[in-house]
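Respectively, the protein sequence lines represent chains X and R.
Start counting the first sequence at 28; every next residue gets the next number (the numbering used here).
Start counting the second sequence at 680; every next residue gets the next number (the numbering used here).
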Amino acid sequence: MFKLWKLATRNLRRNKRRSGLTLIAVMVGLALVIVIHDLEMGAIQGSIDNNIRLQTGHIQVRDASYEKDKLPLKWDDLIENPQEIVARAQGFSQVQAAAPVLWASGILAAGEESVSVQVSGITPQSGLSDPYREGLVAGEFLTPDDRTGLLIGKRLADSLDISVGDDVSLLVNTAEGQPDEAIFTIRGLYHTGFPAFDEGTVFLPLAKAQAFTRVGDRASAVVALLHDKEATGTVATALQAPELEVLTWRDLNQLMLQGTEAAMGILYLVYLVVLAIVAVVVANTLLMSVFERTREMGILAAMGMKGRQIMAMFLIESAALGAIGIVMGLLLGSAGVYYLATEGFYLGDVSGMVSSELAYGERMYAAFQWADTAVLCLVCWAIILLASLYPAWFATRKEPIEALRAQ
Amino acid sequence: MEVVKLEEAVRIYQVGEVETPALRGLNLTITEGEFTAMVGPSGSGKTTALQLMGCLDRPTSGKVYFEGRDVTELNANARADLRKGTISFIFQFFALIPGLSAYENIELPLVLTGEKKSARKERVNELLEAVGLTDRAEHRPDQLSGGEQQRVAIARALSVRPVLVLGDEPTANLDTDTGHQVMAIMERLNEETGTTFVFATHDPRVIPFARRVIRLRDGRAVDGENGREEESE
């Protein structure tokens, strides 16, 4: 075996240019697959994490009849005693922050222009509001007892040509089904890096939002953020109560998770195509090598080397070529992933066009997926070996006397 | 003792629709320790006869016996097993493995027969010395002259202490002096080790080295049934 290995690796060195080009094909192919995979996975994970941070939280407790798509404000659809649920949630050590939220649909008008927005009544002092507070780019953040102020996204303000201190008109539907309108002053502008969110969400203090929509002390949901996503199941089960619905981040991001699965299916197909091209290059290299060394195989056969040993020699050759190419591809791919994990891939305004539902940022960041990368490397190696079977078998097909006659 | 015997050996090559007979009923017996030349013009069947004797090929009809055993019907793997460590070849085109050094080329058949490293080292060094190439041990084939390469090929052929060494035009690609040197080495090793040598040649200059000459023409031994008719010297 040792000598077969030695023979095989020396053969690789014999035609350095051809081996080099093949290695480059393996390296680039694998690196490409690793970068695409880690970027996509990073984007998905980042997107889910951001959605949790900005919109859904890890757990939401709602009234069983509440339908989020409709943003209902009828008393029956709202939670009657949100503070009790908050108190219960905060009793769990896994809960980082919990607060009631009131959502309503509204129309924001400034001058001649008006846009449809989602009004979010938030608890400014809660940890749940940290992402918006941290994203403040102008003015000041809301206070719980502010009765006339609101917070809007910088992008929305820019599109309406308004800024801090300007007055805007906000129209909402109330619990009674009647519209109501009030003038608010822009207290601050925020920027989360998620265009779709920034352009479509305005914040009011919860108390003002409740009063404005006439829902009393009720809330659309109690949203909880956990220290660790893994604890979701435990806390969610503990918060179960009659007539309430407890939803986890998985339920709340179902659309995204399903979309992700479909996207990954297509991506796996892309990986296979890329790796198949790599395999064809390796098989071609090996086949050329077989043609060139026909007489050599005749000599080895004359010495008593059996067909399966000759086949093994070629398989070792491709295994070695594949292994070196994979290591190089892993290094190149990891360097690419490192760059995209730190610098990100700039999407800009395109991110807003991708989906208004999903929290895509202006930049996509890759995330190392070591387990997946290991699997990709092994699959790449296996595909290369499979592709080498034909040339290796071809090498054993010739009778020794025919092989010895070859030029 | 009989080493190899061809009995009414016929070998017909089929190329497309055309049948080309290379041997037409060759009978010959090679005994232990012989240093025999098979001579004849191109197409006389020398190489085919060597291939049958070396179990590289099977006859279309007739029998091949190796050390008294009928090996005519052995399959490819069984013939490979038989060749390994028993039959060696020296080819006209030197036939060294390009990626390996002279030392490693000589060592290769020993690796295939499963010799231990220490035994291999001893044997290879002994043979390098025997063919006068100790100082070229680490050179690769492309760093050796034609004569040196053929000496490595001889050393490699003898490395496993084979029963039979078959040479197909071993001096054809060498100049006269180098050809003589190579033949002299083969002759000396035959005398020293008792290994049986059979070589095909059409080079009249090397025939005098042979102690027995078998003349082939049109796939048959010219001078009789067992090809023993002419003794040189």
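Positions of the beta carbon are idealized from the N, C-alpha and C atoms, including for glycine.
Across the region 274-283 of chain X and the region 110-129 of chain X, are there enough close Cβ pairs to call them in contact, namely three or more that are closer than 8 Å? Verdict: no, contact absent.
Bridge partners for residue 768/R per DSSP, in chain order? DSSP output for residue 768/R lists 845/R as bridge partner(s).
My understanding is that residue 251/X touches residue 86/X, with C-beta atoms under 8 Å, so please give their C-beta distance in whole angstroms. Under the criterion of beta carbons closer than 8 Å, residue 251/X and residue 86/X qualify as touching, at roughly 4 Å.
Determine, using beta carbons only, whether residue 669/R and residue 854/R come nearer to each other than 9 Å. Since the first and last residues shown for chain R are 680 and 912, residue 669/R lies out of range.
Specify whether the region 331-347 of chain X and the region 357-377 of chain X touch according to this definition: at least 3 beta carbon pairs, one from each stretch, less than 8 Å apart. By the criterion of at least three beta-carbon pairs nearer than 8 Å, the region 331-347 of chain X is not in contact with the region 357-377 of chain X.
Using only alpha-carbon positions, find the residue among 825/R, 745/R, 734/R and 792/R that is nearest to residue 781/R. When only C-alpha atoms are compared, the closest one is 825/R.
Need the endpoints of the alpha helix (DSSP H) that residue 774/R sits in, please. According to the DSSP assignment, residue 774/R belongs to no alpha helix (DSSP H), since it is labelled neither H nor E.
Could you work out which residues of chain R lie near residue 328/X, taking near to mean beta carbons separated by less than 7 Å? Residues of chain R with a Cβ closer than 7 Å to the Cβ of residue 328/X are, in chain order, 759.
Determine, using beta carbons only, whether residue 50/X comes closer than 9 Å to chain R. Taking Cβ atoms only, chain R never reaches closer than 9 Å to residue 50/X, which makes this a no.
Flag this pair as yes or no: are the beta carbons of residue 361/X and residue 61/X separated by less than 9 Å? Yes; because the gap between Cβ atoms is below 9 Å, this pair is in contact.
Excluding five sequence neighbours on each side, which residues of the same chain lie with their C-beta closer than 6 Å to the C-beta of residue 150/X? Within the same chain, and ignoring the five residues on either side of residue 150/X in sequence, the residues whose Cβ sits closer than 6 Å to its Cβ are 126 and 233.
Residue 170/X classed as buried or exposed, judged by whether at least 16 other C-beta atoms fall within 10 angstroms: Residue 170/X comes out exposed.
In three-state DSSP terms, what is residue 374/X? Coil at residue 374/X, not helix or strand.
Taking buried to mean at least 16 other C-beta atoms within 10 Å of its own C-beta, is residue 409/X buried or exposed? Classification for residue 409/X: exposed.
Kindly list, in the order they appear in chain X, the residues whose Cβ is closer than 9 Å to that of residue 763/R. Those are 330, 331, 332 and 333, listed as they occur along chain X.
Cutoff 6 Å; reference residue 156/X; Cβ partners in own chain excluding five residues on either side: Here the set comprises 149.
What is the rounded straight-line gap between the Cα of residue 884/R and the Cα of residue 350/X? Going by the C-alpha atoms only, they are around 53 Å apart.
Which of the residues in the region 411-433 of chain X, read from start to end, lie with their CB under 8 Å from any CB of chain R? Here the close residues are 426, 427, 428 and 431.
With DSSP collapsed to three states, give me the class of residue 703/R. Three-state result, residue 703/R: strand.
With three or more beta-carbon pairs closer than 8 Å as the criterion, would you say the region 764-778 of chain R touches the region 711-720 of chain R? Contact between the region 764-778 of chain R and the region 711-720 of chain R is absent, because fewer than three Cβ pairs lie under 8 Å.
Which chain R residues are close to residue 41/X, counting only those with a beta carbon under 8 Å from its beta carbon? Neighbourhood of residue 41/X in chain R, by CB distance below 8 Å: 777 and 778, in chain order.
N- and C-terminal bounds of the alpha helix (DSSP H) containing residue 293/X: Start and end: 281-319.
Inspect the beta-carbon positions of residue 213/X and residue 177/X and report whether they are closer than 9 Å. Going by C-beta atoms, residue 213/X is nearer than 9 Å to residue 177/X.
Member of 395/X, 329/X and 182/X whose CA lies at the smallest distance from the CA of residue 731/R: It is 329/X.
Residue 745/R CB to nearest chain X CB: under 9 Å? No, because no Cβ of chain X sits closer than 9 Å to the Cβ of residue 745/R.
Whose C-beta lies closer than 7 Å to the C-beta of residue 336/X among residues of the same chain, with five residues either side of it excluded? Result list for residue 336/X: 31, in chain order.
Report the partner residues of residue 396/X according to the DSSP bridge assignment. Paired residue(s): none; residue 396/X is not in a bridge.
Please list the partners that residue 323/X has in chain R, where partner means a Cβ-to-Cβ separation under 7 Å. For the C-beta of residue 323/X, the chain R residues within less than 7 Å are, from N- to C-terminus, 776.
Measure how close the beta-carbons of residue 778/R and residue 348/X come, nearest whole angstrom, since I'm counting them as under 8 Å. At roughly 15 Å, the Cβ-Cβ gap does not stay under 8 Å, so residue 778/R and residue 348/X are not in contact.
DSSP on residue 800/R, reduced to helix/strand/coil? Judged by DSSP in its simplified three-state form, residue 800/R adopts helix.
Using 9 Å as the limit for Cβ to Cβ distance, is residue 284/X near chain R? No, residue 284/X does not count as interfacial toward chain R.
By the three-class DSSP mapping on this structure, what secondary structure does residue 56/X have? Residue state for residue 56/X is assigned as helix, using DSSP reduced to three classes.
Measure the alpha-carbon distance for residue 829/R versus residue 394/X and round it to whole angstroms. Spanning the two alpha carbons is a distance of roughly 60 Å.
When you compare only the Cα positions, how much space is there between residue 892/R and residue 759/R? Computed Cα separation, rounded: 28 Å.
9 Å Cβ cutoff met for residue 305/X and residue 352/X: With a cutoff of 9 Å on beta-carbon distance, residue 305/X and residue 352/X are scored as near each other.
Would you list the residues sitting across from residue 875/R in a DSSP beta bridge? Under DSSP, the beta-bridge partners assigned to residue 875/R are 843/R.
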